[in-house]
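All remarks here apply to the structure that follows.
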Amino acid sequence: MRTILTGIQMLEFVPPALVLLTGAALIGAVRGTARTLVVLIAPLLTLLLVWYVPNGVVFEVAFLDYVIEPVEGSPVRRLFALIFALMALVGGLYAYRQAAWHELAAAYAYAAGAIGVSFAGDLVTLFIYWEVMAIFSTIIVWCGASRGVKAAGIRYAIMHLLGGIILMIGIEGLAVRTGSIDLRPIKAEDLYSWMILIGVLVNAAAPPVSAWLADAYPRSSPTGSVFLSAFTTKAAVLALILLFPGESVLIGIGLFMVVYGILYALLENDIRRILAYSVVNQVGFMVCAVGIGTATALNGAATHAFAHIIYKALLFMSAGVVVYRTGMNRCTDVGGLFRTMPVTAICGIVGALAISGFPLTSGFTTKTLISQAATQESMLFVYFMLTAASAGVFLHAGIKFPWFVFFQRDSGLRPKDAPWNMALAMMIFAFLCILIGVAPDLLYSLLPHPVQYQAYTPGNVLFYLQLLLFSGLAFFLLLPLMKRTLTISLDVDWLWRALLPRAMRQVARAGYWIGQPVLASALKSLHGLQKIASTLLSSSSASSHTRHSGFFARAWSIGSTARAVAVLLTVYVLVYLLS
Amino acid sequence: MVDEDKEHWLARRATIKKLWWGFSALLAITVLAQFLIHVKGYFIVDGWFGFGAVYGFFACLAMVLIAKGIGFFLKRKEGYYEGEDDSDGHTNA
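Protein sequence lines, in the order shown, are assigned to chains P and E. Residue numbering for the first sequence follows our numbering, starting at -15 and increasing by one per position. Residue numbering for the second sequence follows our numbering, starting at 36 and increasing by one per position.
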């Protein structure tokens, strides 16, 4: 008994992120069955370790004048790490037979980065894992095969590296000012704390740079987008919970993201880009909740992030199977797939109901907690915006995704249903969506603050049923207005994708007009120089080295050469002796 | 036109008609049920009869129209960015 206990106590000192990182490295090192075992066991082991991380700083290392705390536990940190590890496990199951090994390895390293962020006790550790996520998520983007993926990956990397630099400057400034790198709640009040906030918000896909998400995610492979949807934005939400709870500017930013996500998703034709915009929308709910900052709101942000990772991954899995089986990305290319893909369709619908917050699904028991927080603080505008957005979520993701992909019209496509591992992964997540919906206390008990909220009162259920069902009615009545078009929608990234290259071409052209006369006169003076040089150096003809050649080009007699060398040597020796 | 009998039962016109009837009935029930079930209004108006239904419908209507409106300015052909900045060697199809 004692040995088992000490064994578990020993486990506390193993950073869970390192286990998953080791797993990622092993995926590249082994093959065949061994690789499958690594894919399944590494996240399971990580899950176990995450569960046993105790509250408080587990161990610390001195670094220069600072204290590095690689692992610090708390309920909200464990909750996020738990869902990140679970995501790696089920995502690994979903992907391991279809994805390239380097994509799988990158995905596990990426998940390890997210888990490392979850337990980071200081800002330096946070930053290191932050960059681990940036690097390996870029690799996942590059594993995609769609058109323009290389350039999109570079844009993605630049955005995250820039965000990382802003974060780093903020951290250093804060460290110099306060003498501490401890990760604790701060106020955005000076330049450096603002830079930390901005650096974190870049990863949360906040405005004005929300576009990176919808630009990169849909271009990754069908399996890659499942991993991408889970980690970066939610790790940013956790960082906001830990660093900026109650920072009121986040309320406005969150509401903007909520509306942005809906409007852009409504305009979109690419199946996975609809889901990508809806990630921004859902993260907006969480950012807004962190801005409200009360115990209920922070509970809401954490629990909604947990539920969101599951149903959003489920939606991306369902869409991924469609892309994998048909090779098509656009709503206008597919339709009527429910005939031959019942499992994928049903799992997709469960995910769609969950994201919409239908009663009996996870979205209902988690998102309403955020609305509850708004009512407790008497935030009328926020409450009505969030309620309208809940209706809008059903509109843009809840019905739009399953309708255009699985129903709509008969596209004539008869693809096979999901391969068994993909189907199993979807079923596990679909089950969890419903489990959290019918037994929310399982999740509530893991939250940082005690929950005094009852989602299932008859009045609450009826209100949301009215809201959602009439949104459904609106969808079908407005269908003619929502005809899909072969278009994309411009975003702020137009500035650097179109305007910047155009401006640079203009600058180059202007440079040419200004530079050309200057260059011409320079050439003229060069010609003059050349003439002078040629009179001194050049030989007029190859045959004779006569007096007609330039001074230095003439063939000198041996005597005069020796004389010149002797003079030079004398001068050299004199200078040497005199100095 | 596809032969109705060969069509999947869910895609038959008769089924779709039935679904619309069922959906309409469900809509009516959720509103009428408010006679029996008290909906707590946190800000008074949200407790009004049928508020959820009206709010949900008009919120969606507004969002679709706004999306249409901004789409008018922001929508571009799919190949808009290609050829401008994509260095992958793809050309506009």
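For each residue, glycine too, the CB sits at the ideal point set by N, CA and C. Predicted model, so just to flag it, every value in this text is computed and none were measured.
Is there a Cβ from chain E that is less than 7 Å from the Cβ of residue i?
i: residue 372 (chain P); result: yes
i: residue 494 (chain P); result: no
i: residue 472 (chain P); result: yes
i: residue 157 (chain P); result: no
i: residue 342 (chain P); result: no
i: residue 455 (chain P); result: yes
i: residue 527 (chain P); result: Note that residue 527 (chain P) scores a pLDDT of 49, beneath 50, so its modelled location is shaky; the value from the coordinates is reported in the next line. No, residue 527 (chain P) does not count as interfacial toward chain E.
i: residue 376 (chain P); result: yes
i: residue 393 (chain P); result: no
i: residue 465 (chain P); result: yes
i: residue 458 (chain P); result: yes
i: residue 323 (chain P); result: yes
i: residue 359 (chain P); result: yes
i: residue 572 (chain P); result: Within the shown structure, residues of chain P are numbered from -15 to 563, placing residue 572 (chain P) beyond reach of any answer.
i: residue 451 (chain P); result: yes
Would residue i count as contacting chain P if we go by Cβ distances under 7 Å?
i: residue 124 (chain E); result: The predicted model places residue 124 (chain E) with a pLDDT of 41, which falls under 50 and marks its position as unreliable, so this point remains unresolved.
i: residue 50 (chain E); result: no
i: residue 68 (chain E); result: yes
i: residue 92 (chain E); result: yes
i: residue 75 (chain E); result: yes
i: residue 79 (chain E); result: no
With a threshold of 7 Å between beta-carbons, can residue i be considered close to chain A, or not?
i: residue 390 (chain P); result: Included in the structure are the protein chains P and E, with no chain A among them.
Got a sec, what are the start and stop residues for the beta strand (DSSP E) residue i sits in?
i: residue 40 (chain P); result: 40 to 47
i: residue 359 (chain P); result: Counting along the chain, residue 359 (chain P) falls outside any beta strand (DSSP E), though it belongs to the alpha helix (DSSP H) covering 346 to 360.
i: residue 473 (chain P); result: 471 to 473
i: residue 57 (chain P); result: 50 to 57
i: residue 111 (chain E); result: 110 to 112
For the putative contact between residue i and residue j, defined by C-beta atoms under 8 Å, what is the C-beta separation to the nearest angstrom?
i: residue 574 (chain P); j: residue 279 (chain P); result: Lying outside -15 to 563, the shown extent of chain P, residue 574 (chain P) is not represented and no answer is given.
i: residue 214 (chain P); j: residue 293 (chain P); result: 5 Å
i: residue 299 (chain P); j: residue 268 (chain P); result: Not really, about 17 Å apart at Cβ, beyond 8 Å.
i: residue 564 (chain P); j: residue 448 (chain P); result: Nothing about residue 564 (chain P) can be reported from this structure: the residues present for chain P run from -15 to 563 only.
i: residue 90 (chain P); j: residue 120 (chain P); result: 5 Å
i: residue 390 (chain P); j: residue 332 (chain P); result: 7 Å
i: residue 259 (chain P); j: residue 342 (chain P); result: Rounded, the Cβ-Cβ distance is 17 Å, inconsistent with contact.
i: residue 86 (chain P); j: residue 12 (chain P); result: 7 Å
i: residue 393 (chain P); j: residue 335 (chain P); result: Incorrect: roughly 22 Å between the Cβ atoms, too far for contact.
i: residue 271 (chain P); j: residue 190 (chain P); result: 7 Å
Specify, as a first and last residue, the run of the alpha helix (DSSP H) that residue i falls within.
i: residue 483 (chain P); result: Residue 483 (chain P) -> no alpha helix (DSSP H), and no H or E assigned at all.
i: residue 179 (chain P); result: 175 to 187
i: residue 6 (chain P); result: 0 to 13
i: residue 86 (chain P); result: 85 to 103
i: residue 322 (chain P); result: Where residue 322 (chain P) is concerned, there is no enclosing alpha helix (DSSP H), given that its DSSP letter is neither H nor E.
i: residue 313 (chain P); result: Where residue 313 (chain P) is concerned, there is no enclosing alpha helix (DSSP H), given that its DSSP letter is neither H nor E.
i: residue 152 (chain P); result: 133 to 162
i: residue 199 (chain P); result: 195 to 200
i: residue 441 (chain P); result: Unbroken run through residue 441 (chain P): none, as it is neither H nor E.
i: residue 278 (chain P); result: Segment: none, residue 278 (chain P) is in no alpha helix (DSSP H) and carries neither H nor E.
i: residue 372 (chain P); result: 364 to 377
i: residue 547 (chain P); result: 542 to 562
If contact means a Cβ-Cβ distance below 7 Å, which residues of the segment 99 to 121 of chain E contact chain P?
99, 101, 102, 103, 105, 106, 109, 110, 111, 112, 113, 115, 116, 117, 119, 120 and 121
When Cβ atoms are compared, which residues of the segment 213 to 239 of chain P fall closer than 8 Å to chain E?
none
Taking contact to mean 3 or more Cβ pairs, one atom from each stretch, closer than 8 Å, check whether the segment 366 to 381 of chain P and the segment 432 to 443 of chain P are in contact.
The segment 366 to 381 of chain P and the segment 432 to 443 of chain P do not touch, with fewer than 3 CB-CB distances between them shorter than 8 Å.
Positions along the segment 420 to 446 of chain P whose CB lies within less than 7 Å of some CB in chain E:
442, 443 and 446
Taking a cut of 7 Å between CB atoms, which residues from the segment 54 to 66 of chain E lie near chain P?
When C-beta distances to chain P are compared with 7 Å, the residues of the segment 54 to 66 of chain E below that value are 61, 62, 65 and 66, in chain order.
Does the segment 104 to 114 of chain P come close enough to the segment 44 to 62 of chain P that 3 or more CB-CB pairs lie under 8 Å?
yes
Using Cβ-Cβ distances below 7 Å, what residues of the segment 479 to 503 of chain P are close to chain E?
481, 482 and 485
Three or more C-beta pairs closer than 8 Å, one from the segment 74 to 93 of chain E and one from the segment 45 to 58 of chain E: is that the case here?
no
Quick check: the segment 226 to 233 of chain P against the segment 171 to 187 of chain P, are at least 3 beta-carbon pairs closer than 8 Å?
Three or more Cβ pairs closer than 8 Å define a contact, and the segment 171 to 187 of chain P meets that threshold against the segment 226 to 233 of chain P.
Count Cβ pairs between the segment 247 to 263 of chain P and the segment 461 to 472 of chain P that sit closer than 8 Å; are there 3 or more?
yes
Taking 8 Å as the cut-off, does the segment 29 to 46 of chain P touch the segment 123 to 139 of chain P (at least 3 CB pairs, one atom from each stretch)?
no
Should the segment 58 to 78 of chain P be called in touch with the segment 185 to 194 of chain P, which here means at least 3 C-beta pairs below 8 Å?
Two segments are said to touch when three or more pairs of C-beta atoms, one from each, lie closer than 8 Å; by this definition the segment 58 to 78 of chain P does not touch the segment 185 to 194 of chain P.
Sufficient close CB pairs (3 or more, under 8 Å) joining the segment 241 to 248 of chain P to the segment 323 to 332 of chain P:
no
Taking three-plus beta-carbon pairs below 8 Å as touching, is the segment 153 to 172 of chain P in contact with the segment 75 to 94 of chain P?
no
Pairs of beta-carbons, one from the segment 349 to 356 of chain P and one from the segment 450 to 461 of chain P, closer than 8 Å: are there three or more?
no
Stretch pair the segment 397 to 414 of chain P + the segment 296 to 313 of chain P: three plus CB contacts closer than 8 Å:
The segment 397 to 414 of chain P vs the segment 296 to 313 of chain P: in contact.
Closer than 8 Å, Cβ to Cβ, to anything on chain E: give me those residues from the segment 121 to 145 of chain P, in chain order.
131, 132, 133, 134 and 135
For the segment 195 to 211 of chain P against the segment 138 to 156 of chain P, do three or more pairs of beta-carbon atoms, one drawn from each stretch, fall closer than 8 Å, so that the two count as touching?
yes
Do the segment 404 to 423 of chain P and the segment 69 to 86 of chain P meet, that is, are 3 or more Cβ pairs less than 8 Å apart?
yes
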